[in-house]
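>
Number of protein chains: 2
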Amino acid sequence: MHEFAYKRDQLCCEGLPVKDLAKKFATPLYVYSAKTVLDHFLKIKKAFAPLKPLICYSVKANSNLSILKLLVDKGAGLDIVSGGELYRAQKVKCLAKKVVYASVGKTVKEIKDAIEYGILMFNVESAPELERINDIAAELNRRVDVALRVNLDISPKTHAYIKTAKKETKFGMEPDLAKDILINQRCYPNLNMKGVHIHIGSQITEARPCVDAIKKIKALIKEVKAQGVILEYLNIGGGLGIIYDKERPQTAAKFARKVLPLLKSISLKVILEPGRFIVGNAGILVTKVLYVKNTIQKKFIIIDAGMNDLIRPSLYQAHHTIVPLSLYRRKTKGTSKKADIVGPICESADFLGKERDLDAKVGDYLAVLGAGAYGFVMSSNYNSRPRVAEVLVKGKEVKLVRKRETYKDLVAKEIIV
Amino acid sequence: MHEFAYKRDQLCCEGLPVKDLAKKFATPLYVYSAKTVLDHFLKIKKAFAPLKPLICYSVKANSNLSILKLLVDKGAGLDIVSGGELYRAQKVKCLAKKVVYASVGKTVKEIKDAIEYGILMFNVESAPELERINDIAAELNRRVDVALRVNLDISPKTHAYIKTAKKETKFGMEPDLAKDILINQRCYPNLNMKGVHIHIGSQITEARPCVDAIKKIKALIKEVKAQGVILEYLNIGGGLGIIYDKERPQTAAKFARKVLPLLKSISLKVILEPGRFIVGNAGILVTKVLYVKNTIQKKFIIIDAGMNDLIRPSLYQAHHTIVPLSLYRRKTKGTSKKADIVGPICESADFLGKERDLDAKVGDYLAVLGAGAYGFVMSSNYNSRPRVAEVLVKGKEVKLVRKRETYKDLVAKEIIV
Chain W
9 MHEFAYKRDQ LCCEGLPVKD LAKKFATPLY VYSAKTVLDH FLKIKKAFAP LKPLICYSVK
69 ANSNLSILKL LVDKGAGLDI VSGGELYRAQ KVKCLAKKVV YASVGKTVKE IKDAIEYGIL
129 MFNVESAPEL ERINDIAAEL NRRVDVALRV NLDISPKTHA YIKTAKKETK FGMEPDLAKD
189 ILINQRCYPN LNMKGVHIHI GSQITEARPC VDAIKKIKAL IKEVKAQGVI LEYLNIGGGL
249 GIIYDKERPQ TAAKFARKVL PLLKSISLKV ILEPGRFIVG NAGILVTKVL YVKNTIQKKF
309 IIIDAGMNDL IRPSLYQAHH TIVPLSLYRR KTKGTSKKAD IVGPICESAD FLGKERDLDA
369 KVGDYLAVLG AGAYGFVMSS NYNSRPRVAE VLVKGKEVKL VRKRETYKDL VAKEIIV
Chain S
9 MHEFAYKRDQ LCCEGLPVKD LAKKFATPLY VYSAKTVLDH FLKIKKAFAP LKPLICYSVK
69 ANSNLSILKL LVDKGAGLDI VSGGELYRAQ KVKCLAKKVV YASVGKTVKE IKDAIEYGIL
129 MFNVESAPEL ERINDIAAEL NRRVDVALRV NLDISPKTHA YIKTAKKETK FGMEPDLAKD
189 ILINQRCYPN LNMKGVHIHI GSQITEARPC VDAIKKIKAL IKEVKAQGVI LEYLNIGGGL
249 GIIYDKERPQ TAAKFARKVL PLLKSISLKV ILEPGRFIVG NAGILVTKVL YVKNTIQKKF
309 IIIDAGMNDL IRPSLYQAHH TIVPLSLYRR KTKGTSKKAD IVGPICESAD FLGKERDLDA
369 KVGDYLAVLG AGAYGFVMSS NYNSRPRVAE VLVKGKEVKL VRKRETYKDL VAKEIIV
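Same order as they appear, the protein sequences are chains W and S.
First residue of the first sequence: 9, per the numbering used here; consecutive thereafter.
First residue of the second sequence: 9, per the numbering used here; consecutive thereafter.
This is the structure we're talking about:
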């Protein structure tokens, strides 16, 4: 469910015609619905209420400060993966004790900054990283809380690029190694081993792989408990899928029903890290048709947004539904060829949709749906295209939350020699 | 050939140890060799000297202003694809009459700006675009020079994402349409139809598809000439491949030998648009090893550069050779597992090399070779990672040509509401 719907043939965001935003802020434009963001957050909160989990929104999905603030103000914590995301957490004044930090490549400086901010814990991905955090903690004369990320060798049905718990991926530690470390944690005198972390991937639409993962980690927790290891947290990561096309993903409630009994039986504090589930359907990319080009073979709807604005179609072969902002009645139907919706960038990777039933004429506005997660955050200046503006709709209010870049911005860091 | 070579076991750029640059400017870092850039430009210039072509460097491959200036100062023109690239051309004071402009999605403002700058010509990709340029020219009371980009339905051996002349791609016009327009050019009273443009794709390692394309366009030119159409330019685009791995691409000289007789027989002024060929091997991405992680299955060399810095491996499955900056003798050999070289970003798409014979320890510096083209220009702030610095080596001089972004830069355009 989301707050983008037609009202008198006009696509609206929380009741406001998106076309008015396109005219006011120009295109391409990311438009987010605050209500959709919060609804999804509350859905998870409600579904897992019996456990009172800490819900750490996954900043990497959409890191716009105003989106973060919305969630933090409602009590969300943040799941960060870099020093830049730590900086963002600080900017929106997220309580340090609600920040968890995962990444296989934390630098010394990033670790120090996070310790100094006083984050809840690091999700540690390897033994060398554990040693490094221990050393830095010793140097700072601190004891630091960590969870071990365990790689359970589970393969959910999703794109290979966003599976994160197969043993051939770079993430987490093998279960035997994690057990060994937990049992011998005295070797890390400056660390408190507070928990275990599992995260099997992104855009997962069924509960089974998660249930399998939780069962596996339950067994591991039991084993180490028998050896006297006391844990406080189980972080089950994120990964809840959304509807992009014809997926029928589980709801938060349905997912919770499947995993709640299991989680209760483990009796640890639970941390969740939803990202895409919260923001994925809360954002659209608004674009204008520049040209319609008919060839004998094909129809091309050439738009002003490109792969630099939204790379998911070319990088992950991801499907995004594309709809007109205004529905106009057609006199004839079934006569038009299927269309490729392509951008202005000079390579064939630059498409947002292929073989679509979509009719459009020059000057029409289109909306690329489901663009709230991994949309703007992955955008680039490829082909020297300024990055676009982001707008947040919040009831009757419309706020520019990121200004459009200018040509001058493109070269601001460059020095001609 | 390029200017990155080992000297006393240290990888050097134009004789300077790259390690010194890594220490001075920190990592990740793009390092370019001015000599390599110019050598490649001169190779093309020399190979095609009998034709005295206009060589328009393809800005999209690497748009750093200092790289552009290097080339423009040696007489190169520029091949641009957007208003942002037009802005860059102006910044480096490229003669307007050496600028050609291709793109399937030129906006009204971009067309106006380019007309006002007085560029040599537009490479026009569709009939609707032709009409638009004609209308704008009329409005500005100008006559504007254009070439028609012809889609010859030719499929070179390269990645599907960078083939640009199959009839199912968005580029150019079908030959029959182009002929029709040329013959009836009086319908566009504000345009001078000065030429035809063909560009079949990028990273092409053999002459045959180009020869085929030129033969096809020669036939078209002959046909329209018979109808009284006078053309002045033939733009054969770019696409010359480079060595990333085990490719054995044609040299500029060898390519020229294959196409020169054909081009001479056409008797038009020739335009070339090399990009990757000039800068591809003139740049490397320097990175530091953050962790080495051994699992039962695999070895992971975790580096401080990620897919946000260089997306070619995950987007195009591109191979980049990765080498250490310092060669150190190993006591034992053949004992180490093959390694995946991966970045700190939280997804499995974040790799720069897979299954490599590479030994490295924490703190080692590595160089990702062949990163001069489609490297920095495609980089993003994904995972809130500041974009890296770019450095140009020019003989004994080392110049910072783009400053590293800071955390503050990440949020400079954002507004918290």
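Note that beta-carbon positions come from the ideal geometry of N, C-alpha and C, so glycine has one too.
Compare the C-beta of isoleucine 424 of chain S with all C-beta atoms of chain W and state if any pair is closer than 7 Å.
For isoleucine 424 of chain S, the answer is yes, since a Cβ of chain W falls inside 7 Å of its Cβ.
> List the whole-angstrom C-beta distance separating leucine 323 of chain S from isoleucine 311 of chain S, where the pair is believed to meet the contact cut-off of C-beta under 8 Å.
Not a contact, Cβ separation roughly 18 Å.
> Quick one: is phenylalanine 384 of chain S near chain W, going by C-beta distance under 7 Å?
Not closer than 7 Å to any Cβ of chain W, the Cβ of phenylalanine 384 of chain S fails to qualify, so no.
> Along chain S, in chain order, which residues have C-beta atoms closer than 7 Å to that of glutamine 305 of chain W?
The contacting residues are Lys175, Glu176.
> Between the region 283 to 301 of chain W and chain S, which residues of the former have a C-beta closer than 8 Å to a C-beta of the latter?
Residues passing the 8 Å Cβ filter: Leu298, Tyr299, Val300, Lys301.
> Give the secondary structure of lysine 339 of chain S by DSSP, where H, G and I count as helix, E and B as strand, and everything else as coil.
Residue placement at lysine 339 of chain S is flagged as unreliable, the pLDDT there being 47, under the threshold of 50; a coordinate-derived value is accordingly withheld.
> Look at the alpha carbon of aspartate 372 of chain W and the alpha carbon of lysine 165 of chain S, and state the distance between them as a whole number of angstroms.
If I take the Cα positions, the gap works out to 37 Å.
> Between the C-alpha atoms of threonine 414 of chain S and glycine 92 of chain W, what's the straight-line distance to the nearest angstrom?
C-alpha separation (whole angstroms): 9 Å.
> What are the start and end residues of the alpha helix (DSSP H) that includes tyrosine 95 of chain W?
Looking at the DSSP string, the run of the alpha helix (DSSP H) that includes tyrosine 95 of chain W is 91 to 99.
> DSSP three-state call for lysine 296 of chain S: helix, strand or coil?
Here lysine 296 of chain S sits in strand by DSSP.
> Taking only beta carbons into account, state which residues of the region 54 to 86 of chain W come closer than 8 Å to chain S, listed in chain order.
Against chain S - using a Cβ distance shorter than 8 Å - the residues of the region 54 to 86 of chain W are Val67, Lys68, Ser71, Asn72, Leu73, Ser74, Lys77.
> What are the residues that DSSP puts in a beta bridge with glutamate 422 of chain W?
Beta-bridge pairing links glutamate 422 of chain W to S/Arg410.
> Could you check whether the region 125 to 136 of chain S touches the region 152 to 161 of chain S, counting it as contact only if at least three pairs of C-beta atoms, one from each stretch, sit closer than 8 Å?
Yes, the region 125 to 136 of chain S touches the region 152 to 161 of chain S.
> State yes or no: is the beta carbon of glutamate 124 of chain S nearer than 7 Å to at least one beta carbon in chain B?
Of the protein chains in this structure, namely W and S, none is chain B.
> Which residues in the same chain as isoleucine 274 of chain W place their Cβ atom closer than 7 Å to its Cβ, once the five residues preceding and following it in sequence are excluded?
Once the five neighbours on either side are set aside, the close Cβ partners of isoleucine 274 of chain W are Lys226, Ile229, Leu242.
> How many Å lie between lysine 421 of chain W and proline 321 of chain W at the Cα?
Using only the alpha carbons, I get a separation of about 30 Å.
> Tell me the DSSP bridge mates of arginine 157 of chain S?
The partner list for arginine 157 of chain S (beta bridge, DSSP) reads S/His205.
> Buried or exposed: lysine 339 of chain W, going by 16 or more other Cβ atoms within 10 Å of its Cβ?
With a pLDDT of 48 at lysine 339 of chain W, under the threshold of 50, the modelled position of that residue is not reliable, and no figure is offered here.
> Got a sec: is the Cβ-Cβ distance from glycine 236 of chain W to anything in chain S below 7 Å?
Chain S contact via Cβ: absent.
> How is valine 401 of chain W classed by DSSP in three states: helix, strand or coil?
Strand, per DSSP.
> So with Cβ pairs under 7 Å, would you call isoleucine 310 of chain W a contact of chain S?
Yes, contact with chain S.
> Around the C-beta of lysine 31 of chain W, are 16 or more other C-beta atoms found within 10 angstroms, so that it is buried, or is it exposed?
Exposed, since its Cβ has fewer than 16 Cβ neighbours within 10 Å.
> Taking any Cβ of chain S, which residues in the region 155 to 176 of chain W have a Cβ under 7 Å from it, in chain order?
Taking 7 Å as the Cβ-Cβ cut-off against chain S, the residues of the region 155 to 176 of chain W that qualify are Ala168, Tyr169, Ile170, Lys171, Thr172, Lys175, Glu176.
> Enumerate, from N- to C-terminal direction, the unbroken alpha helix (DSSP H) stretches of 4 or more residues contained entirely within the region 98 to 175 of chain W.
Counting whole runs of 4 or more residues, the region 98 to 175 of chain W contains the alpha helix (DSSP H) stretches 116 to 125, 135 to 147.
> Counting C-beta neighbours from all protein chains within 10 Å, is the total for asparagine 149 of chain W 16 or more, i.e. buried, or is it exposed?
The residue is exposed, with fewer than 16 neighbouring Cβ atoms inside 10 Å.
> Taking 8 Å as the cut-off, does the region 360 to 379 of chain S touch the region 175 to 188 of chain W (at least 3 CB pairs, one atom from each stretch)?
Because the criterion of three Cβ pairs below 8 Å is not met, the region 175 to 188 of chain W and the region 360 to 379 of chain S do not touch.
> Roughly how many angstroms lie between the CA atoms of proline 25 of chain S and leucine 37 of chain S, to the nearest whole one?
Whole-angstrom Cα-Cα distance: 14 Å.
> Starting from alanine 234 of chain W, follow the alpha helix (DSSP H) in both directions and report where the run begins and ends.
Looking at the DSSP string, the run of the alpha helix (DSSP H) that includes alanine 234 of chain W is 216 to 234.
> Isoleucine 191 of chain S and glutamine 235 of chain S look like a contact to me (Cβ under 8 Å); what is the Cβ gap, rounded to whole Å?
With 8 Å as the limit, isoleucine 191 of chain S and glutamine 235 of chain S qualify as a contact, their Cβ atoms being about 5 Å apart.
> Could you tell me whether the Cβ atoms of valine 287 of chain W and glycine 380 of chain W are closer together than 7 Å?
The answer is yes: Cβ separation under 7 Å.
> Taking a cut of 8 Å between CB atoms, which residues from the region 100 to 120 of chain S lie near chain W?
Result list: Val100, Ala110, Ser111, Val112, Gly113, Lys114, Thr115.
> Starting from proline 332 of chain S, trace the beta strand (DSSP E) in both directions and tell me its first and last residue.
Unbroken beta strand (DSSP E) run through proline 332 of chain S: 330 to 332.
> Taking its Cβ as the centre, do 16 or more other Cβ atoms sit within 10 Å of leucine 335 of chain W, making it buried, or is it exposed?
Exposed is the call here.
> Alpha carbon to alpha carbon, what distance is there between lysine 51 of chain W and valine 219 of chain W?
Going from the Cα of valine 219 of chain W to the Cα of lysine 51 of chain W covers about 20 Å.
> How would you label arginine 395 of chain W, buried or exposed, when you count the other beta carbons within 10 angstroms and need 16 or more for buried?
Buried.
> Alpha helix (DSSP H) containing valine 287 of chain W: first to last residue?
Looking at the DSSP string, the run of the alpha helix (DSSP H) that includes valine 287 of chain W is 284 to 287.
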